[in-house]
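At position 551 of the sequence shown (counting the first as 1) the number is 1033 in our numbering, and the numbers step up by one without a gap. First up is the structure itself, then whatever we jot down about it.
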Amino acid sequence: MRFLRSLLFYRCYTQEVSAESVVGSTKKFTKRYKHRIDDLKRVMANVVVDEKVEKKFFDRFKLEDLLKRRFFYDQSFAIYGGIAGLYDYGPMGCSLKSNIVQQWRKHFILTEGMLEVECSALTPADVLKASGHVERFIDWMVKDVNTGDCFRADHLIKNNLEELMKKKTTTEDQRAEFEQILARLDGFSDKDMNEVIRKYKFKSPTTGNELSDPVSFNLMFPTQIGPTGDFQAYLRPETAQGIFINFKRLLEFNQGRLPFAAAQIGSGFRNEISPRQGLIRVREFTMCEIEHFVDPADKKHIKFSKVADVVMTLFSAFAQGLVDNETLGYYMARTHLFLVSVGVNPNRLRFRQHMSNEMAHYAKDCWDAECDTSYGWIECVGHADRACYDLSSHHKATGTKLCAEKHLSEPRKVSVVEAAPNKKALGLKYKGEAKQIIAALETLDGIQLSELEKALNESVGYFLNVKDKTIELSKDLVEVKRYEKTSHVEEIVPSVIEPSFGIGRIMYVVLEHNFRQRAEDEKRCYLDLPPTIAPIKCSVLPIVHQERFKPIVESVCDELANYEISHKVDDTSGTIGRRYARTDEIGIPFGITVDGESEKEPCTVTLREIDTTQQIRLKITEVGKLIDDLTKNRLTWKDAVSKYPLFKPE
């Protein structure tokens, strides 16, 4: 394990902390120590979670071979040469992915009483202009000046620096310098990246040619709606915008009350410059996103006490107290519990806070749940405090108020400043554009209303931007009214806490963290998946391929079907050992064997567990209930062994 000299200076280290201990007011602390916090985050970016993490040798080639051979997933359009960043899921992959999503739905939507929606993936350009994605959803890329091949600039720098660090000729000072660059790379501007590329004379990795300066590349897929090609749209880069657009309807459905959460499961699309690493970086992927709407003045969570003792790994002692509200802390703890429940190794899971210059354009604060893999630390879940950015942006773009009413404990007098349009005069002068002008006037803030009032009083006219036009307004068309009124409610624009889950990445991490090789025979590989998400819960294997066992096999299958347990019959002529190995490869946690004893009364079978390979014997009439309990975590295998006698095959 490498320790940077910077670590000794800051005396920082990763630390397991409870959810309760990291939530608190941090404004003064953050303001005072902001420069040191950012430095600390940069330093920590490449440090492993903890010395206690035992990294056993992992053969990625064997895992990839298993996944391809058993068709968990494979590159799309493979017989045409394949398309980078696009993948097709096979039977086992589909089932595993579906089970992870269903577990997510139970863990969040059902448990938290969230409002689920399904919105269009085709998104008008105006929506994504308002959200900031058209302007800011970019990566920096460099080009081979001769061939035009494109490379993502930060990945090119990372790969080159990692290769330089492996060289024996690299000094300790150089390694420390490279580590500092890698730690800060996510926050680099195009100029910063260009300086690194020029300083170390990096070339095209495929041809050795010179590289261009970094240029921005928007990651969204553009398209058109309709036959004319005039209506510009994009494939959505996130599912969140559909939820924000429907905020008023969702608030109404929730009887006008805050807080509430809405969730969506669906596809996202990002035109990655250089997709790689299998399911880690793809161009089409499944997302599960939550938008939790909350009063910005009260971000407590009613269920926080239930997760206050959940232990998570954060980056350093300085991190304590830096999660500044309960709702964000609550979702981080719930995410930790979910990831562990689907098979992520808790010792290889950490939460990393974004640096200020690394933050997404919409985020006030962001914590990533990252998982340690053979590819390094991979972001699987983002937790962003989006504040009121999105609702305010869409209000400004459309004139539609996206706010909630907060009942005051006591009525109070409030000063009101508002634009009062002369609707009749506007209609006569601007015809069909009048509605858009009125909507635009409703979006003016206090400063803009004062400017409007001043312009009207001085009779110089006020120029209002409406869509792509500039409209001149005069006293006969609009006036500014000021008055006081007694209010029993206050209009607020809710803040949004967003956990965003990348299902493909989580699925890969689960596969890697649960890939095993038998100690007695390393060629025998298997997937020790949690039974709750296993693609198939149980196999049914007659000891030999004989007709006399068929009625018993059918009885076993009927019993499993009664409990809606997915199962697979393997009655081929191979040895029972080989058939166990085949079912182990695809992660079937339990195997029922029908043997000679099964023909006796009462009819019994053996039940085998994948990891220990232990077997117990029980009645056919009991096997369905037991497997149902095991796959739903009502019982453990240890419980089953204590109840039923162990069976030792001869």
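Each residue gets a CB set at the ideal place from its N, CA and C atoms; glycine is no exception.
Less than 8 Å between the beta carbons of residue i and residue j, yes or no?
| i | j | result |
| --- | --- | --- |
| residue 630 | residue 754 | no |
| residue 995 | residue 1019 | no |
| residue 792 | residue 819 | yes |
| residue 997 | residue 545 | yes |
| residue 930 | residue 857 | no |
| residue 877 | residue 809 | no |
| residue 667 | residue 640 | yes |
| residue 967 | residue 898 | yes |
| residue 1094 | residue 1119 | yes |
| residue 1022 | residue 1074 | yes |
| residue 1003 | residue 1092 | no |
| residue 815 | residue 773 | no |
| residue 562 | residue 575 | no |
| residue 903 | residue 890 | no |
| residue 731 | residue 752 | no |
| residue 736 | residue 884 | no |
How many Å lie between residue i and residue j at the Cα?
| i | j | result |
| --- | --- | --- |
| residue 697 | residue 686 | 15 Å |
| residue 657 | residue 688 | 25 Å |
| residue 852 | residue 921 | 43 Å |
| residue 682 | residue 632 | 19 Å |
| residue 844 | residue 872 | 7 Å |
| residue 1072 | residue 989 | 21 Å |
| residue 1076 | residue 1045 | 19 Å |
| residue 719 | residue 941 | 46 Å |
| residue 531 | residue 937 | Here residue 531 scores only 43 on pLDDT, less than 50, and its place in the model is too uncertain to base an answer on. |
| residue 829 | residue 665 | 21 Å |
| residue 622 | residue 590 | 35 Å |
| residue 739 | residue 733 | 7 Å |
| residue 1032 | residue 1039 | 11 Å |
| residue 723 | residue 1037 | 50 Å |
| residue 741 | residue 981 | 15 Å |
| residue 909 | residue 934 | 20 Å |
| residue 842 | residue 617 | 12 Å |
| residue 1056 | residue 854 | 38 Å |
| residue 600 | residue 748 | 7 Å |
| residue 607 | residue 703 | 11 Å |
| residue 906 | residue 580 | 56 Å |
Span of the beta strand (DSSP E) holding residue i?
| i | result |
| --- | --- |
| residue 968 | 960-974 |
| residue 812 | Premise fails: residue 812 lies in the alpha helix (DSSP H), 808-823, not in any beta strand (DSSP E). |
| residue 853 | 847-855 |
| residue 729 | That residue, residue 729, is in no beta strand (DSSP E); its alpha helix (DSSP H) goes 729-735. |
| residue 1021 | 1020-1024 |
| residue 834 | 831-835 |
| residue 865 | 858-869 |
| residue 1016 | No beta strand (DSSP E) holds residue 1016; DSSP gives it neither H nor E. |
| residue 1009 | 1003-1009 |
Please list, in chain order, all residues of the same chain as residue i whose beta carbon is under 7 Å from its beta carbon, the five residues on each side excluded.
| i | result |
| --- | --- |
| residue 1099 | 1086, 1088, 1126, 1127, 1129 |
| residue 660 | 643, 646, 647 |
| residue 888 | 777, 971, 972, 974 |
| residue 892 | none |
| residue 1013 | 1019, 1071, 1112, 1113 |
| residue 1148 | Not covered by the structure: residue 1148. The range shown for the chain is 483 to 1132. |
If you drop the 5 nearest sequence neighbours on each side, which residues of the same chain put their C-beta closer than 8 Å to that of residue i?
| i | result |
| --- | --- |
| residue 870 | 778, 975, 976, 977, 978 |
| residue 582 | 824, 985, 988, 989, 992, 1015 |
| residue 1117 | 1108, 1111 |
| residue 558 | 564, 565, 568, 569, 570 |
What first and last residue would you give for the alpha helix (DSSP H) that runs through residue i?
| i | result |
| --- | --- |
| residue 551 | 542-551 |
| residue 581 | 573-586 |
| residue 1113 | 1102-1113 |
| residue 795 | Residue 795 -> not in any alpha helix (DSSP H); beta strand (DSSP E) instead, spanning 793-796. |
| residue 662 | 654-666 |
| residue 764 | Premise fails: residue 764 is in no alpha helix (DSSP H) and is neither H nor E. |
| residue 990 | 985-995 |
| residue 425 | This structure cannot speak to residue 425, because the chain is shown only from 483 to 1132. |
| residue 786 | 786-789 |
Measure from the C-beta of residue i to each C-beta in chain C and report whether the shortest distance is under 8 Å.
| i | result |
| --- | --- |
| residue 1095 | Chain labels in this structure do not include chain C; a single protein chain is all it has. |
Can you list, in chain order, the residues of its chain with a C-beta nearer than 6 Å to that of residue i? Leave out the 5 residues immediately preceding and following it.
| i | result |
| --- | --- |
| residue 859 | 852 |
| residue 944 | 934, 937, 955 |
| residue 769 | 721, 750 |
| residue 782 | 808 |
| residue 861 | 850, 852 |
| residue 847 | 867 |
| residue 1053 | 1024, 1027 |
_alpha helix (DSSP H) runs wholly inside the segment 1045-1089, at least 4 long, in chain order_ = Inside the segment 1045-1089, DSSP marks whole alpha helix (DSSP H) runs of 4 or more residues at positions 1058-1067, from first to last along the chain.
_Continuous alpha helix (DSSP H) assignments of at least 4 residues falling wholly in the segment 902-968_ = DSSP runs (the alpha helix (DSSP H)) wholly in the segment 902-968: 905-912, 916-924, 928-939.
*asked:* Ignoring anything shorter than 3 residues, give me the beta strand (DSSP E) runs that lie fully in the segment 674-740, in order along the chain.
replied: 697-700, 703-707, 713-717
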